[in-house]
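**Student:**
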Amino acid sequence: MVGKAHNHNDLVLSTVQSPQAAATSAVAASWCRSALHHGLDPAAASRNDRMDDRAVSRLREANGELLAAATPSLDRLFGSVGGAGCCVIISDVSGIVLETRALDADKEMFDAIGLAPGASWSESDEGTNGIGTCLVEARPVTIFRGDHFASRNVGVSCMDAPIFDPEGRLVAALDVSTARSDHGEAMATMIATLVQDAARSIERDFFCRRFADARIVYAGGNQPSAGAALLAVDRDDLVIGASRAARRQFRLGADSHFAPRPLADVMGTDGNNGFNDGERAILRQALARSGGNVAAAARLLGIGRATMYRRMERAGMGGMN
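Here the sequence shown is numbered in our numbering, starting from -4 and rising by one per residue.
1) Enumerate, from N- to C-terminal direction, the unbroken beta strand (DSSP E) stretches of 3 or more residues contained entirely within the region 172 to 259.
2) Is it buried or exposed for alanine 18, if we count other Cβ within 10 angstroms and need 16 for buried?
3) Per DSSP, which one or two residues make a beta bridge with glutamate 94?
4) Could you check which residue in Leu93, Arg199 and Ser196 has the C-alpha nearest to that of arginine 53?
5) Classify proline 112 as buried or exposed, calling it buried when 16 or more other Cβ atoms lie within 10 Å of its own Cβ.
6) Have a look at the DSSP bridge pairing and note the partners of methionine 154.
7) Taking just the CA atoms, how far does histidine 3 sit from aspartate 250?
8) Where do the ends of the alpha helix (DSSP H) carrying alanine 301 lie?
9) Tell me the DSSP bridge mates of leucine 165?
10) Use the C-beta contact count for proline 67: other C-beta atoms within 10 angstroms, 16 or more gives buried, fewer gives exposed.
11) What residues in its chain sit with their C-beta under 6 angstroms from that of asparagine 268, if we drop five residues either side in the sequence?
12) Taking only three categories from DSSP, how would you classify serine 115?
13) Compare the C-alpha of leucine 130 against each of Arg164, Ala174, Ala23 and Leu69 and name the closest.
14) Threshold first: 4 residues or longer. Then list the alpha helix (DSSP H) segments lying entirely within the region 18 to 62, N to C.
15) Assign aspartate 208 to one of two classes, buried (16 or more other C-beta atoms within 10 Å of its C-beta) or exposed (fewer than that).
16) Should asparagine 43 go down as buried or exposed, given a rule of 16 or more other Cβ atoms within 10 Å for buried?
17) Along the alpha helix (DSSP H) that carries leucine 110, what are the first and last residues, could you check?
18) Within 10 angstroms of its Cβ, does asparagine 271 collect 16 or more other Cβ (buried), or is it exposed?
19) Spatial neighbours of leucine 189 within its chain, please: CB distance less than 7 angstroms, with the 5 preceding and 5 following residues excluded, ordered by chain position.
20) Could you pull out every residue in the same chain whose Cβ sits closer than 8 angstroms to the Cβ of glycine 327, ignoring the five residues on either side in sequence?
21) Put phenylalanine 73 into one of helix, strand or coil per three-state DSSP.
22) Would you tell me roughly how many angstroms separate the C-alpha atoms of glycine 287 and methionine 312, rounded to the nearest one?
23) If distances are taken between C-alpha atoms only, which option among Val136, Ala237, Val149 and His178 comes closest to glutamate 198?
24) Please state whether DSSP places phenylalanine 105 in a helix, a strand or coil.
Next up, the structure:
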């Protein structure tokens, strides 16, 4: 074991010292970040201390909405991989473990490895690893045993996928880790697919919980790495929320919040153009198209400003200016 660790240290350091290393593979690039940017030593035997229970409790509370949305998917994923000796983990965006799922017989082993609530698996603390590298690169990653930067971690393989919140911001990493030597690349590939599917399910449930009072429109997508394109639409047919995939598909921008806009405009379809059906929706859509300017909205509808105000009043929109 000592010889293997020594060989791994030499491999990491020789790769880091190569001028072309970072261009050869994503793992080599991560090794270079770990050594050159974070100043880590692959031979170091220690890892950072874990948060105490009180700090972990506060962190879990701060991520309560995420964890509530994630719990069903975490349980399903663990039901699929737990019997094979795998641990299921969700971390926050900084790489700190929030929750784990493991069989009672495996918990002590995973705890000794550091796969436990309150432990940090950021790249800056642990070097190349599933959770930290996934968060840095914001994409699914698989880190086999020897892909880890630190020799102390080469007994574990990790399959990870990022989780994005309803505004498209990176908020967590979903991880399945295994220390079983009989789990090869074929098993890792299968587990990686399950992890990506679970991460997208968490995002979908997170989005639906955030916009529980809205109508959810499925607009296509659902690639393993991108997720479904979901739009949250209010009763006036204004889009008030969009998933990360929907923001990309409809070019809605990366800002966490955006002004409501008509569903017809977002999806490029014809909307209503009269007052016979859904007058309130028409008024709000006109206001959305004009950036909230009442006079401009009235011109879009071909009516006078006074008439616009009267119709707004009748539709229960009298408090808007």
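Even glycine gets a Cβ: it sits at the ideal position worked out from N, Cα and C.
**Tutor:** The relevant details are as follows:
1) 210 to 218, 222 to 228 and 233 to 237
2) Residue 18 sits at position 23 when you count from the first residue of the sequence shown. The residue is exposed, with fewer than 16 neighbouring Cβ atoms inside 10 Å.
3) Numbered from 1 along the sequence shown, position 99 holds the residue referred to as residue 94. Its beta-bridge partners are Ile85.
4) Residue mapping note: residue 53 aligns to position 58 of the sequence shown, counting from 1. Of the listed residues, the one whose Cα sits closest to arginine 53 is Leu93.
5) Indexing the sequence shown from 1 puts residue 112 at position 117. Burial call: buried.
6) As a working note, residue 154 is residue 159 in the sequence shown. Its beta-bridge partners are Thr137 and Val171.
7) Translated into positions along the sequence shown, residue 250 becomes position 255. Translated into positions along the sequence shown, residue 3 becomes position 8. Each residue's Cα considered, the two are about 43 angstroms apart.
8) Numbered from its first residue, the sequence shown carries residue 301 at position 306. Unbroken alpha helix (DSSP H) run through alanine 301: 300 to 309.
9) The residue you call residue 165 lines up with position 170 of the sequence shown. Leucine 165 is bridged to Phe159.
10) For the purposes of this step, residue 67 is identified with residue 72 of the sequence shown, where counting begins at 1. With fewer than 16 other Cβ atoms within 10 Å, it is exposed.
11) Taking the sequence shown and counting its residues from 1, the one referred to as residue 268 is at position 273. With a pLDDT of 46 at asparagine 268, under the threshold of 50, the modelled position of this residue cannot be trusted, and the question is left open.
12) Your numbering for residue 115 matches position 120 in the sequence shown. Correct three-state label for serine 115: strand.
13) Translated into positions along the sequence shown, residue 130 becomes position 135. Nearest of Arg164, Ala174, Ala23 and Leu69 to leucine 130, Cα basis: Arg164.
14) 21 to 27 and 48 to 57
15) Residue mapping note: residue 208 aligns to position 213 of the sequence shown, counting from 1. Aspartate 208 comes out exposed.
16) Position 48 of the sequence shown, counting from 1, holds the residue named residue 43. Asparagine 43 comes out exposed.
17) Working through the sequence shown from its first residue, we reach residue 110 at position 115. From DSSP, leucine 110 is part of no alpha helix (DSSP H); its letter is neither H nor E.
18) Stepping through the sequence shown from its first residue, residue 271 is reached at position 276. Unreliable positioning characterises asparagine 271 in this predicted model, as indicated by a pLDDT of 42, which lies under 50. The coordinate reading is nonetheless provided below. Exposed, because fewer than 16 other Cβ atoms sit within 10 Å of the Cβ of asparagine 271.
19) Taking the sequence shown and counting its residues from 1, the one referred to as residue 189 is at position 194. Here the set comprises Leu72, Ser75 and Val76.
20) The question about residue 327 has no answer, for the chain in this structure spans -4 to 316.
21) Taking the first residue of the sequence shown as 1, we reach residue 73 at position 78. Note: phenylalanine 73 maps to helix in three-state DSSP.
22) Working through the sequence shown from its first residue, we reach residue 287 at position 292. Working through the sequence shown from its first residue, we reach residue 312 at position 317. Cα-Cα distance, rounded: 12 angstroms.
23) Working through the sequence shown from its first residue, we reach residue 198 at position 203. Closest by alpha carbon: Ala237.
24) Here residue 105 corresponds to residue number 110 of the sequence shown, with the count starting at 1. Note: phenylalanine 105 maps to helix in three-state DSSP.
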